[in-house]
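Student: Residue numbers (UniProt numbering): 1 to 235. Take a look at this one; I'll ask things after.
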């Protein structure tokens, strides 16, 4: 198993925002975490990246206790996180952003290979490799964010709201790419509000409300669930 979360509780100060979270992601599996704003989805990803502490519970990554691995070392063991807003450095060029993605020691020797893969997946990035990243469109920045995250050859890729602020046609392209990336054996955890896209790319999904996992199942089961459709599609 790639990732296992057991009875995780977390919060900010005395305010608890996550309650007994239990989830898992298998090797090469795409799993979606769906919920509205304020549900606690982003907090969970930040905990998995080591950016926030947990109150209690356990997180196991490839059989090891992830809570004992500092945030600065999690990229070294193959965990890549694309935050909400993409985290692109706008004053650097496209190529410089990609090179920064290979900063972990074990990825530096693969920099040229990583850039070649990025430019192959997204020819537009090759055309704009010397252009400042801040001048790219939202869709192009998301392409760059995904490409940069792949520079470390991750085993687990986490994406926070990848469809946020993108045109519908670009969203479709992004999720097609995510599906392609998973075909390379990378485990993927996606945080999303877009139910159709999130379930379309994932094999399984979890529904989070106010810090609780209230439902889980295969994507097909959740898409056919009347309560889920009513809550997220209004039908």
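A virtual CB, placed ideally from N, CA and C, is assigned to each residue, including glycine. The structure presented is a predicted model; accordingly, all values stated were derived computationally and were not measured.
(1) Would the segment 87-94 count as touching the segment 162-174 if we require 3 or more Cβ pairs under 8 Å?
(2) Are residue 187 and residue 3 closer than 8 Å when you measure CB to CB?
(3) Is residue 136 a contact residue of the ligand HEM, with contact defined as CB to any heavy atom under 7 Å?
(4) Going by Cα to Cα distance, which pick from 201, 130 and 226 is closest to residue 173?
(5) With DSSP as the reference, please indicate the residues paired to residue 31 in a beta bridge.
(6) Any idea which residues DSSP pairs residue 130 with across the strands?
(7) Report yes or no: do three or more beta-carbon pairs, one from the segment 64-80 and one from the segment 121-137, lie closer than 8 Å?
(8) Three-state secondary structure (DSSP) at residue 77?
(9) Apart from the five residues just before and just after residue 97, which ones in its own chain have a Cβ nearer than 8 Å to its Cβ?
(10) Is the Cβ-Cβ distance between residue 228 and residue 222 less than 8 Å?
(11) Mapping the DSSP letters down to three states, classify residue 64 as helix, strand or coil.
(12) Taking the straight line between their C-alpha atoms, what separation do you get for residue 55 and residue 67?
(13) With three or more C-beta pairs closer than 8 Å as the rule, is the segment 38-47 touching the segment 189-209?
(14) Taking only three categories from DSSP, how would you classify residue 160?
(15) Have a look at residue 135 and residue 169 and give me their C-alpha separation to the nearest angstrom.
Tutor: Taking the geometry as given:
(1) no
(2) yes
(3) Among the components of this structure there are no ligands whatsoever, and the ligand HEM is therefore not found.
(4) 201
(5) 189 and 204
(6) Beta-bridge pairing links residue 130 to no other residue.
(7) no
(8) coil
(9) 88, 89, 133, 144 and 148
(10) yes
(11) strand
(12) 11 Å
(13) yes
(14) strand
(15) 20 Å
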